[in-house]
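Enquirer: Taken in order, the sequence shown gives residues 1 to 166; the numbers are from full-length UniProt numbering.
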Amino acid sequence: MLFNQIGTKIVLQLRLLPHLLPPKSRIRLSKNQWKPSIPECKDSIIITTTLVANITKVQEDRRKAAAELGITLQPFIIAVGASNDDISDFFVSVDDTLYKISSALKAIDFCFKFFQVFDIEYPVESVHIWLLFQKLLYNYHTNCDKLSPNVTETISDFMAHEANEI
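#1: Mapping DSSP to helix, strand and coil, what is D96?
#2: Between L29 and G81, is the Cβ-Cβ spacing less than 8 angstroms?
#3: Q74 by DSSP, collapsed to three states: which one?
#4: Short of 6 angstroms in beta carbon distance, which residues of its chain neighbour K57, apart from the five on each side in sequence? Order them along the chain.
#5: Taking 8 angstroms as the threshold (C-beta atoms), are V92 and F112 in contact?
#6: Helix or strand or just coil, what does DSSP make of R62?
#7: Figure out for me which residue from S25, L137 and C41 has the closest Cα to the Cα of H19.
#8: What separation, rounded to the nearest whole angstrom, lies between the Cα atoms of V124 and N164?
#9: If I follow the unbroken alpha helix (DSSP H) through I155, where does it start and stop?
#10: Where Q59 and D96 are concerned, what is the direct C-alpha to C-alpha distance, given to the nearest angstrom?
#11: Which same chain residues, not among the five before or five after Y140, have their C-beta less than 7 angstroms away from its C-beta?
Structure, rendered in structure tokens:
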């Protein structure tokens, strides 16, 4: 039961993170610009559903939303549970392939490593969140990293807090 509580807590934290660090950048799509919303940002990281049977629909909805915007569908996490307080299963969706993952943290880790190993760009809706994970959780830096001011400030605040804790 404790395992479910930890997974549920992480899912809720992942779903709340875009409220703390909302997407700021505008993405140029052919002739128009698009600014991802907080719900779009959340869904590009993790989507919750109540039944495993709904996963195919979740994948189709994400694929359709990406196609309408003219963006590439990137890997994302699907959390399954009877309610937001009772998450029991985790999956990572990569194109049409679904990987069952044992925990929320391992799902984040799987997605991150998948992005790195296959040199896939982070989802445009949540690139700032994935860059935050990259810098803070993995301490991984590349020459291609484009940090927004709010991510840079968050990293600086976190590092300052860490320094004060020691």
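Glycine residues also receive a C-beta, built at the ideal position from the N, C-alpha and C atoms.
Computed from a predicted model, the values in this text were never measured in an experiment.
Expert: Reading it off the structure:
#1: Translated into the one-based positions of the sequence shown, residue 96 becomes position 96. Coil at D96, not helix or strand.
#2: Here residue 29 refers to the residue found at position 29 when the sequence shown is read from its first residue. Here residue 81 refers to the residue found at position 81 when the sequence shown is read from its first residue. Not closer than 8 angstroms, so no.
#3: Start at 1 with the first residue of the sequence shown, and residue 74 comes out as number 74. Of the three classes helix, strand and coil, the one that applies to Q74 here is coil, per DSSP.
#4: By 1-based counting over the sequence shown, the position of residue 57 is 57. Contacts found: none.
#5: In the sequence shown, counting from the first residue as 1, residue 112 sits at position 112. In the sequence shown, counting from the first residue as 1, residue 92 sits at position 92. The answer is no: Cβ separation not under 8 angstroms.
#6: Residue numbering aside, residue 62 sits at position 62 when the sequence shown is read from its first letter. Helix.
#7: Translated into the one-based positions of the sequence shown, residue 19 becomes position 19. Residue C41 is the option with its Cα nearest to H19.
#8: Counted from its first residue, the sequence shown places residue 124 at position 124. Counted from its first residue, the sequence shown places residue 164 at position 164. In a straight line, the C-alpha of V124 is about 33 angstroms away from that of N164.
#9: Counted from its first residue, the sequence shown places residue 155 at position 155. Element bounds for I155: P149 to E165.
#10: As a position in the sequence shown, residue 59 is number 59, starting the count at 1. As a position in the sequence shown, residue 96 is number 96, starting the count at 1. So the two alpha carbons sit approximately 8 angstroms from each other.
#11: By 1-based counting over the sequence shown, the position of residue 140 is 140. Cβ neighbours of Y140 beyond the five flanking positions: Q134.
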